[in-house]
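Heads up: the sequence lines are chains X and B, in that order. First residue of the first sequence: 4, per our numbering; consecutive thereafter. First residue of the second sequence: 808, per our numbering; consecutive thereafter. Ideal placement from N, C-alpha and C gives every residue a C-beta, glycine not left out. Step one of this worksheet: look at the structure below.
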Amino acid sequence: MSIDLGSSPAHGGPQVSDADIARLLSRLYEVISFPEGGEPDWGGMADVFSTHARITRITPEGTDYFDLPTFQAMAQELVRIGAYTAFHETEVACRVERFGNVAHVASAYETRREPGARACLSRGINSLQLVRENDGWRVLSLCWDDEALKERDVRALLGADHHG
Amino acid sequence: MVDRRYRFSPSRIVDTADRYVGAAEDHGVIMNRAGSYAGREVEIEGRELRSFGSCSYLGLELRPELRQGVREAVDRYGTQMPFSRAYLENALYEELEAGLSAMTGRPALVGASTTLAHFAALPVLVRDGDAVIIDQFAHASLHSATSLLHDTQVEMLRHQRFDQLEARLHALSSTHRRVWYVGDGVYSMRGDLARFADLRTLLERHPALHLYIDDAHATSWYGTHGRGGALSELGGHERVVVALSLNKAFAAAGGALLLPDRKLLKRIRRCGGPMLFSGPIQPPMLGAAVASARLHLDPSFPSLQAELGSLIERANRALSGTGVPLASTDATPIFMVPCEAPEIAFDVVRRLRTLGFYACPSTFPAVPVNQPGVRFTVTRHNTAEDVDDFVEALTTAFYEANEPATVPRSREVHALRDEAAASVR
């Protein structure tokens, strides 16, 4: 599902399209995922997130508010202590609302032990706010709840607008 | 590249662990209580289950020699030695340490548990100017012990990534006097062995490298007189300190440090915190430990190890044709079946119980969040028939829990197993 309420270029740049946003979301899941023994693509994250980005992680134990460097440090600590040895998260459905150079995205995700695994380790919805900067779309805010939707059909929650 | 360090608060770690452990408890698959225990069987919720979860790999805890050792110790000393060991120790300690030295060829120092032995040894062994590198899957007791090294640089190593260890050795050797690598001999969850050949090569290449190996899960069943993997495979190297467990396969109580020289032993005995300030092993279990050490030195002992070895081989052979995955195929008594989600691991364990078997789920924080599984062990309490029956039950439970539509019928499981057995004959 996509709602476009105007796509006037910011700063004199080119027209934006859903494809640009789709590419950004695809890249987001690529840079946070990593194979056994690997690490997230730290450098890639810097291309995906705005330098002004905020990342908010909600867990039953509390809510963490990060800027990108602190989020990366937290993720690296999870890898360092062996809490995660691999991470495979993919988007399974998506809803985008675009308002000029701002877009709201609800991106349903599933996390698996391996890319081909049938069962999920986790699922939920990433709530994103995107902003179009000089050279393209960036994530300005990423917020998700680790546990709330684990047992829900997250595709159905978004009307199953599959994004590939 | 990430240029800053994030630390989770201790409370946050506890709260998160509580959530994950609580989930397993809510499924009824951990925190269970045994009504009775007879080695081969364990009674849970009124049902006799054949046990594939015990760490008593050689099944020594029910032997008459160890029971007799307990009785004799109680007759001589009563139920407790009411002194700090720093002041006055039970004479059985001397006998036990002599037995352990005979088993291992090294000076032996007994601690009240393996964990307390780590707590005593590491703060004494690691000196100012040393660095420590610990395997991320090293036993939790080692991580707790290294957290006591307040002013020491402690780094975490991805599991057995000795290429990364060597890179860090190159870097740290120029700034630190010694670099301690801390890891397990057999990793208690996945059941994989330390890559001793690689560690030996690193010891030869790097004079600054010292090893501290927790061989708790290799004690007794591995090596001459049950001295474990590290002492067997590293040849008693002078830069290697080993901790053994006197629980588990040794079937008594406590832990033991096997040290390269008596001077170091004296130092840990004098200065290692729990050696001075924690309670001793009490006479009944010291008696059991002395009897167990004698048994380890008995000429019949290798036959017990061989019996276990043949059961491990049988389990690996039977599993190889079933399609049930294993995290490691190292020849150890510990097996881990990876599952795609914790709920699947819980389901496999519950189905196994319905089929009459006890095994354990393994989820965070015992293993990484992304590596849930079912852990089972093979011990001398199990018969060959038990192993065959368990593998069949596990195969059925695993397929049913994962994909109900494609459950192999029992006949097909038998055919798969027969095919695998034929291929190794």
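Residue i: contacting residues in chain B (beta-carbon distance under 9 angstroms)
{"i": "X:L124", "result": "E1147, A1148, P1149, V1176, N1177, P1179"}
For residue i, the three-state DSSP class (helix, strand or coil)
{"i": "B:H1013", "result": "coil"}
{"i": "X:G162", "result": "coil"}
{"i": "B:V1049", "result": "strand"}
{"i": "B:L1104", "result": "helix"}
{"i": "X:D156", "result": "coil"}
{"i": "X:Q79", "result": "helix"}
{"i": "X:Q132", "result": "strand"}
{"i": "B:G1061", "result": "coil"}
{"i": "B:R1034", "result": "coil"}
{"i": "X:C146", "result": "strand"}
{"i": "B:R1232", "result": "Residue placement at B:R1232 is poorly supported in this model, since its pLDDT is 37, which falls under 50; the coordinates are not used for a value here."}
{"i": "B:G876", "result": "helix"}
{"i": "B:E855", "result": "strand"}
{"i": "B:M808", "result": "coil"}
{"i": "B:V931", "result": "helix"}
{"i": "B:G1080", "result": "helix"}
{"i": "X:I84", "result": "coil"}
{"i": "X:E91", "result": "The question names Glu, but residue 91 of chain X in the sequence shown is His. Strand."}
{"i": "B:G1075", "result": "Sequence inspection shows Ile at residue 1075 of chain B; the Gly mentioned does not correspond to that position. Looking at B:I1075 - three-state DSSP - the assignment turns out to be helix."}
{"i": "B:Y900", "result": "helix"}
{"i": "X:F74", "result": "helix"}
{"i": "B:V1097", "result": "helix"}
The alpha helix (DSSP H) enclosing residue i, as first and last residue numbers
{"i": "B:I1119", "result": "1108 to 1127"}
{"i": "B:Y819", "result": "The sequence shown places Arg at residue 819 of chain B, rather than the Tyr named in the question. Here the alpha helix (DSSP H) through B:R819 covers 817 to 833."}
{"i": "X:A43", "result": "Reading the sequence as shown, one finds Pro at residue 43 of chain X and not Ala. Here X:P43 belongs to no alpha helix (DSSP H), and DSSP marks it neither H nor E."}
{"i": "B:A1134", "result": "Careful: B:A1134 lies outside any alpha helix (DSSP H) and carries neither H nor E."}
{"i": "B:F1171", "result": "Premise fails: B:F1171 is in no alpha helix (DSSP H) and is neither H nor E."}
{"i": "X:V34", "result": "21 to 35"}
{"i": "B:H977", "result": "969 to 980"}
{"i": "B:A1204", "result": "1191 to 1209"}
Pair within 7 angstroms by beta-carbon distance, residue i and residue j
{"i": "B:R1160", "j": "B:E1207", "result": "no"}
{"i": "B:R1121", "j": "B:V1194", "result": "yes"}
{"i": "B:P1168", "j": "B:F1153", "result": "yes"}
{"i": "B:R1156", "j": "B:A1148", "result": "Looking at the sequence provided, one finds Val at residue 1156 of chain B rather than Arg. It is not a contact, given that the beta carbons lie outside the stated cut-off."}
{"i": "B:L1000", "j": "B:L1009", "result": "no"}
{"i": "X:G127", "j": "X:L152", "result": "yes"}
{"i": "X:A89", "j": "B:N1177", "result": "yes"}
{"i": "B:F969", "j": "X:G85", "result": "no"}
{"i": "B:P1081", "j": "B:A927", "result": "yes"}
{"i": "B:S861", "j": "B:T1186", "result": "yes"}
{"i": "X:W140", "j": "X:L27", "result": "yes"}
{"i": "B:H966", "j": "B:S995", "result": "no"}
{"i": "X:V99", "j": "X:V108", "result": "yes"}
{"i": "B:G1043", "j": "B:G918", "result": "no"}
{"i": "B:D991", "j": "B:H946", "result": "yes"}
{"i": "B:V989", "j": "B:Y1019", "result": "yes"}
{"i": "B:A1256", "j": "B:L1083", "result": "In this structure chain B extends from 808 to 1232, so residue 1256 of chain B is not present and cannot be described."}
{"i": "B:G1035", "j": "B:T1026", "result": "yes"}
{"i": "B:L869", "j": "B:A1056", "result": "no"}
{"i": "B:V931", "j": "B:R812", "result": "no"}
Close Cβ partners of residue i (< 7 angstroms) along its chain, the five nearest in sequence each way excluded
{"i": "B:G876", "result": "G1094, A1095, V1097, A1098"}
{"i": "B:S908", "result": "P914, A915"}
{"i": "B:R814", "result": "none"}
{"i": "B:P1179", "result": "C1146, A1148, P1149, A1152, S1169, T1170"}
{"i": "X:L31", "result": "V51, V142"}
{"i": "B:M963", "result": "I941, Q943"}
Residue range of the unbroken beta strand (DSSP E) whose run includes residue i
{"i": "X:R60", "result": "52 to 62"}
{"i": "B:Y988", "result": "986 to 991"}
{"i": "B:E850", "result": "848 to 851"}
{"i": "X:E113", "result": "105 to 115"}
{"i": "B:C1146", "result": "No beta strand (DSSP E) holds B:C1146; DSSP gives it neither H nor E."}
{"i": "B:D942", "result": "938 to 942"}
Cut-off 8 angstroms between Cβ atoms - residues of its own chain near residue i, not counting five sequence neighbours on either side
{"i": "X:A49", "result": "L71"}
{"i": "B:L895", "result": "M888"}
Neighbouring residues, chain B, relative to residue i (Cβ below 7 angstroms)
{"i": "X:T73", "result": "Y813"}
{"i": "X:I84", "result": "Q943, M963"}
{"i": "X:T88", "result": "P1175, N1177, Q1178"}
Neighbouring residues, chain X, relative to residue i (Cβ below 7 angstroms)
{"i": "B:T823", "result": "E64"}
{"i": "B:F1153", "result": "What B:F1153 touches in chain X: nothing, since even the nearest Cβ is about 12 angstroms away."}
Cut-off 6 angstroms between Cβ atoms - residues of its own chain near residue i, not counting five sequence neighbours on either side
{"i": "B:V1198", "result": "A1125, L1126"}
{"i": "B:A1059", "result": "L1053, M1092, A1095, A1096, S1099"}
{"i": "B:T886", "result": "none"}
Proximal residues of chain X, C-beta to C-beta of residue i below 8 angstroms
{"i": "B:M808", "result": "W45, G46"}
Short CB-CB distance (under 7 angstroms) between residue i and chain C
{"i": "B:R1076", "result": "Absent from the structure is chain C; the protein chains it does hold are X and B."}
Within chain X, partners of residue i - CB distance below 9 angstroms
{"i": "B:R826", "result": "T62, P63, E64, E150"}
Beta-carbon neighbours of residue i, restricted to chain B and to distances below 8 angstroms
{"i": "X:E80", "result": "R812, Y813, R814, F815"}
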